[in-house]
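What follows is a single structure, written as structure tokens, with notes after it.
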Amino acid sequence: MEFTCEQISEIISEITNGELGLQGLVKQGLESLMLSERALHNETRGDVSNGFRGRRVCHGGKVFELRVPRSRNNHFYPMLLGVLKDQEEEAQKLASSLYCSGLTTEQVGKIYEQFYGKHYSKSQVSRLLNTAREDVNAWLGRELDHRYPIIYIDATYVLTRRDDSVSNEAYYTVLGVKEDRTREVLAVVNFPTESATNWKDVFEDLKERGVGVIDLLVCDGLPGIENVLAETFPKADLQLCTVHLKRNIAGKVKPRDKKQVMEELKQICTPDQWEISPEQAFQKFKEFIARWQKSYPVLKRYCHDRYRFYFTYFKYEREIRGMIYTTNWIERLNRDYKRVINMRGAMPNPQAVILLMGTVAQNADIYKYPIYNFLESRLFY
Numbered sequence: 001m002e003f004t005c006e007q008i009s010e011i012i013s014e015i016t017n018g019e020l021g022l023q024g025l026v027k028q029g030l031e032s033l034m035l036s037e038r039a040l041h042n043e044t045r046g047d048v049s050n051g052f053r054g055r056r057v058c059h060g061g062k063v064f065e066l067r068v069p070r071s072r073n074n075h076f077y078p079m080l081l082g083v084l085k086d087q088e089e090e091a092q093k094l095a096s097s098l099y100c101s102g103l104t105t106e107q108v109g110k111i112y113e114q115f116y117g118k119h120y121s122k123s124q125v126s127r128l129l130n131t132a133r134e135d136v137n138a139w140l141g142r143e144l145d146h147r148y149p150i151i152y153i154d155a156t157y158v159l160t161r162r163d164d165s166v167s168n169e170a171y172y173t174v175l176g177v178k179e180d181r182t183r184e185v186l187a188v189v190n191f192p193t194e195s196a197t198n199w200k201d202v203f204e205d206l207k208e209r210g211v212g213v214i215d216l217l218v219c220d221g222l223p224g225i226e227n228v229l230a231e232t233f234p235k236a237d238l239q240l241c242t243v244h245l246k247r248n249i250a251g252k253v254k255p256r257d258k259k260q261v262m263e264e265l266k267q268i269c270t271p272d273q274w275e276i277s278p279e280q281a282f283q284k285f286k287e288f289i290a291r292w293q294k295s296y297p298v299l300k301r302y303c304h305d306r307y308r309f310y311f312t313y314f315k316y317e318r319e320i321r322g323m324i325y326t327t328n329w330i331e332r333l334n335r336d337y338k339r340v341i342n343m344r345g346a347m348p349n350p351q352a353v354i355l356l357m358g359t360v361a362q363n364a365d366i367y368k369y370p371i372y373n374f375l376e377s378r379l380f381y
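Residue numbers for the sequence shown follow full-length UniProt numbering, so the first one is 1 and each next one is one higher.
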């Protein structure tokens with residue numbers, strides 16, 4: 001049946017002036033295109049029509065309930081749906097990019113309204129981020145290498161809402177140096193309250209994801225970490241961060257003595273000393289504590305045998321000690337975390353923090369370059 005231009009115009013006018021208006025015209029146009037495409041599909045593929053399925057599409061502030069044609073062999077997929085799917089994926093990527101760049105869900109919703117003509121509430125933006133959450137969680141749970149010569153652990157603290165209260169919670173980044181001397185983030189974990197059991201769970205998870213060998217673990221003075229490491233990776237060395245050690249001691253002496261105390265600590269801990277063993281360095285440290293505990297008895301605790309782990313780096317080549325006696329390598333990543341988190345105030349839940357930190361860690365290009373100072377280190381052979 002053929003229609004004249006006047007008849008076509010009259011039909012279009014009747015539809016647009018109807019109850020659904022222009023939305024109804026667009027809906028019928030889209031469905032007609034898909035029906036024509038299915039007829040061509042059936043003709044060329046020898047397939048048979050098999051009813052319809054529903055599909056909801058948002059565009060220009062409107063919601064379209066489309067009847068999508070199906071075929072009996074399930075081989076028919078309208079080209080139009082591919083275009084709409086690409087638009088949805090683009091919208092989800094944009095939401096993820098904006099949110100992970102520092103914008104709040106409310107700000108993302110306002111930008112969507114400007115560009116897409118539809119208001120998105122906080123909950124709607126949160127649903128748009130579901131794909132990003134799935135991607136980040138999949139990346140954080142990916143298969144890992146069998147051996148990591150060095151693992152670093154450090155924390156950043158984020159105000160996080162949990163139930164009806166807000167508190168500063170620790171979020172730890174686990175950074176690994178691979179055998180090719182590049183780095184990658186292995187995990188981002190949150191502990192509302194820290195315990196040795198938590199770290200055992202983290203290490204066991206690393207083993208389940210493929211890690212079989214860790215040669216050196218570098219971290220701050222995590223309570224009980226030496227026992228957990230001995231249980232899970234018994235052949236690994238432990239290096240506790242000397243920067244944290246210096247800060248802790250400096251906070252326990254009076255301002256008039258601080259300069260002298262820090263200068264003596266610097267002489268003991270400087271990594272470029274020749275022909276010194278971890279045992280000799282720890283002995284120097286205990287002599288330093290013995291001198292100063294006369295004025296500050298609180299320093300006596302630093303003579304405990306656990307503090308020998310602050311001097312493990314003297315076991316390794318002089319050229320790499322400056323890279324393994326502190327957790328500073330994660331500090332830049334911590335600053336990037338804060339840049340996208342601090343704009344928001346308190347985060348709504350731990351999952352939102354993990355999403356942001358995981359995205360930042362996943363896109364940290366600096367870790368893709370090898371560290372050439374490790375070329376001659378026996379840690380990588």
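Here a beta-carbon is modelled for each residue, glycine too, at the ideal position from N, C-alpha and C.
All values reported here derive from a predicted model rather than from experimental measurement.
Going by C-alpha distance, which of the options is nearest residue i?
{"i": "proline 69", "options": "Ala95, Ser101, His41, Leu355", "result": "His41"}
{"i": "glutamate 264", "options": "Pro278, Ser277, Ile249", "result": "Ile249"}
{"i": "leucine 375", "options": "Lys178, Leu33, Ile276", "result": "Lys178"}
{"i": "arginine 301", "options": "Phe288, Thr182, Arg256", "result": "Phe288"}
{"i": "arginine 45", "options": "His75, Ile354, Tyr172, Glu143", "result": "His75"}
{"i": "glutamate 231", "options": "Trp199, Lys246, Asn130, Gln280", "result": "Trp199"}
{"i": "phenylalanine 311", "options": "Ser195, Arg291, Leu245, Met343", "result": "Leu245"}
{"i": "proline 348", "options": "Arg161, Leu103, Ile151", "result": "Arg161"}
{"i": "glycine 210", "options": "Glu226, Thr173, Pro223, Phe233", "result": "Phe233"}
{"i": "arginine 55", "options": "Leu30, Glu169, Gly224", "result": "Leu30"}
{"i": "glycine 358", "options": "Val48, Tyr307, Lys258, Thr173", "result": "Thr173"}
{"i": "leucine 128", "options": "Leu98, Arg332, Pro370, Arg147", "result": "Leu98"}
{"i": "tyrosine 372", "options": "Asp164, Asp163, Ser126, Arg183", "result": "Arg183"}
For the alpha helix (DSSP H) containing residue i, name the first residue and the last one.
{"i": "glutamate 287", "result": "278–292"}
{"i": "asparagine 334", "result": "331–341"}
{"i": "threonine 232", "result": "225–232"}
{"i": "leucine 265", "result": "255–269"}
{"i": "leucine 128", "result": "122–128"}
For residue i, name the three-state secondary structure that DSSP assigns.
{"i": "aspartate 305", "result": "helix"}
{"i": "residue 416", "result": "Residue numbering for the chain in the displayed model covers 1 to 381; residue 416 lies beyond these limits and cannot be assessed."}
{"i": "proline 370", "result": "coil"}
{"i": "asparagine 363", "result": "coil"}
{"i": "glutamate 43", "result": "helix"}
{"i": "arginine 321", "result": "helix"}
{"i": "serine 101", "result": "coil"}
{"i": "residue 395", "result": "Only positions 1 to 381 of the chain appear in this structure, which leaves residue 395 out of reach."}
{"i": "proline 69", "result": "strand"}
{"i": "serine 49", "result": "strand"}
{"i": "serine 36", "result": "helix"}
Residue i lies in the beta strand (DSSP E); which residues open and close that run?
{"i": "cysteine 241", "result": "Segment: none, cysteine 241 is in no beta strand (DSSP E) and carries neither H nor E."}
{"i": "valine 213", "result": "213–219"}
In or out: residue i buried (at least 16 other Cβ within 10 Å) or exposed?
{"i": "isoleucine 366", "result": "exposed"}
{"i": "leucine 33", "result": "exposed"}
{"i": "lysine 176", "result": "It should be pointed out that residue 176 corresponds to glycine in this sequence rather than to lysine. Its Cβ being crowded by 16 or more others within 10 Å, glycine 176 is buried."}
{"i": "arginine 142", "result": "exposed"}
{"i": "aspartate 86", "result": "Because aspartate 86 carries a pLDDT of 48, less than 50, the predicted location of this residue cannot be relied on, and the following value inherits that uncertainty. Exposed is the call here."}
{"i": "arginine 339", "result": "exposed"}
{"i": "glutamate 208", "result": "exposed"}
{"i": "threonine 193", "result": "exposed"}
{"i": "methionine 343", "result": "exposed"}
{"i": "glycine 109", "result": "buried"}
{"i": "residue 403", "result": "With the chain covering only 1 through 381, there is no way to say anything about residue 403."}
Taking CB distances under 8 Å as the criterion, tell me whether residue i reaches chain D.
{"i": "tyrosine 112", "result": "Annotation note: the requested chain D is absent from the structure, which comprises a single protein chain."}
Is residue i near the ligand HEM, judged by its Cβ being under 7 Å from some heavy atom?
{"i": "glutamate 263", "result": "In the structure shown, the ligand HEM is absent, as is every other ligand, since no ligand is present at all."}
Start-end ranges of the alpha helix (DSSP H) lying completely within the stretch 130–206, minimum 4 residues: Counting only runs of 4 or more, we get 130–140.
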